[in-house]
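Peer 1:
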Amino acid sequence: MDLADAAPDLPGRLGMAVQMLAHAGKHVEQRGELTPTRLTALAVVHNAGPMRMGNLASRVGIQVSTMSRIVDALVTSGWAERRADEADHRACVIAVTDAGADLINSVRRSNETRLADCIARLSPGDLSVLQAALPVLENLAQEVTSRRKEVTVLA
Numbered sequence: 002m003d004l005a006d007a008a009p010d011l012p013g014r015l016g017m018a019v020q021m022l023a024h025a026g027k028h029v030e031q032r033g034e035l036t037p038t039r040l041t042a043l044a045v046v047h048n049a050g051p052m053r054m055g056n057l058a059s060r061v062g063i064q065v066s067t068m069s070r071i072v073d074a075l076v077t078s079g080w081a082e083r084r085a086d087e088a089d090h091r092a093c094v095i096a097v098t099d100a101g102a103d104l105i106n107s108v109r110r111s112n113e114t115r116l117a118d119c120i121a122r123l124s125p126g127d128l129s130v131l132q133a134a135l136p137v138l139e140n141l142a143q144e145v146t147s148r149r150k151e152v153t154v155l156a
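The numbers in the working numbering rise by one with no breaks, and the one at position 35 of the sequence shown is 36.
#1: Measure how close the beta-carbons of leucine 35 and valine 97 come, nearest whole angstrom, since I'm counting them as under 8 Å.
#2: Taking all protein chains shown into account, decide if serine 107 is buried (16 or more other Cβ within 10 angstroms of its Cβ) or exposed.
#3: Is the distance from the Cβ of proline 122 to the Cβ of valine 94 below 8 Å?
#4: According to the neighbour-count rule (16 or more other Cβ atoms, all chains shown, within 10 Å of its Cβ), is alanine 81 buried or exposed?
#5: I'd like to know whether the C-beta atoms of valine 76 and arginine 70 end up nearer to each other than 8 Å.
#6: For a test of the three-state rule: what should DSSP assign to alanine 88, helix, strand or coil?
#7: Can you give the beta carbon distance from alanine 92 to aspartate 99, rounded, assuming they're within the 8 Å contact cut?
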């Protein structure tokens, strides 16, 4: 039995649930100009390390010109900085400042607490289902991430 027969709406429903969880985690109270897209860009650089603007735009899935405006706002806020690219001094890379790293860590702690509170309210049966599904979800996330990197390299 294939996916179309067994659960035709599974990819769409799973995708929506994952997006809702991800966007719920991007809600940041009292952070001024920190939008969900800016937070995503900052988190990508925080996780992967300094990178060029084009690479960051590709990873976030937006145009370079849009990413440039996002980075401008992050730099103005003191959460990111432009540095000379060690491999090519004509170019620059985007890096997270100490203040940006502190912000990301603070947001993550807040999100973990919020998600932990929701998980704690699950019934024992739902909690068991979630625990059993987690390795599958983690593997799917790895596969999707790997495919996105392959497409970026081929482009």
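Where a beta carbon is used, it is the ideal one built from N, C-alpha and C, also for glycine.
Peer 2: The relevant details are as follows:
#1: In the sequence shown, the residue the question calls residue 35 occupies position 34. In the sequence shown, the residue the question calls residue 97 occupies position 96. Actually they do not touch by this definition, with Cβ atoms about 13 Å apart.
#2: Position 106 of the sequence shown holds residue 107. By the neighbour-count rule (16 or more Cβ atoms within 10 Å), serine 107 is not buried but exposed.
#3: What you label residue 122 is simply residue 121 of the sequence shown in a count that begins at 1. What you label residue 94 is simply residue 93 of the sequence shown in a count that begins at 1. Proline is not the amino acid found at residue 122; the sequence shown has arginine there. Result no, Cβ atoms of arginine 122 and valine 94 do not sit closer than 8 Å.
#4: On the sequence shown, residue 81 is found 80 positions in, with the first residue counted as 1. Flag for alanine 81 reads buried.
#5: As a working note, residue 76 is residue 75 in the sequence shown. As a working note, residue 70 is residue 69 in the sequence shown. Their beta carbons are not under 8 Å apart, which means valine 76 does not touch arginine 70 by this criterion.
#6: Stepping through the sequence shown from its first residue, residue 88 is reached at position 87. Looking at alanine 88 - three-state DSSP - the assignment turns out to be coil, as it is neither helix nor strand.
#7: Counting from 1 along the sequence shown, the entry for residue 92 is found at position 91. Counting from 1 along the sequence shown, the entry for residue 99 is found at position 98. At roughly 23 Å, the Cβ-Cβ gap does not stay under 8 Å, so alanine 92 and aspartate 99 are not in contact.
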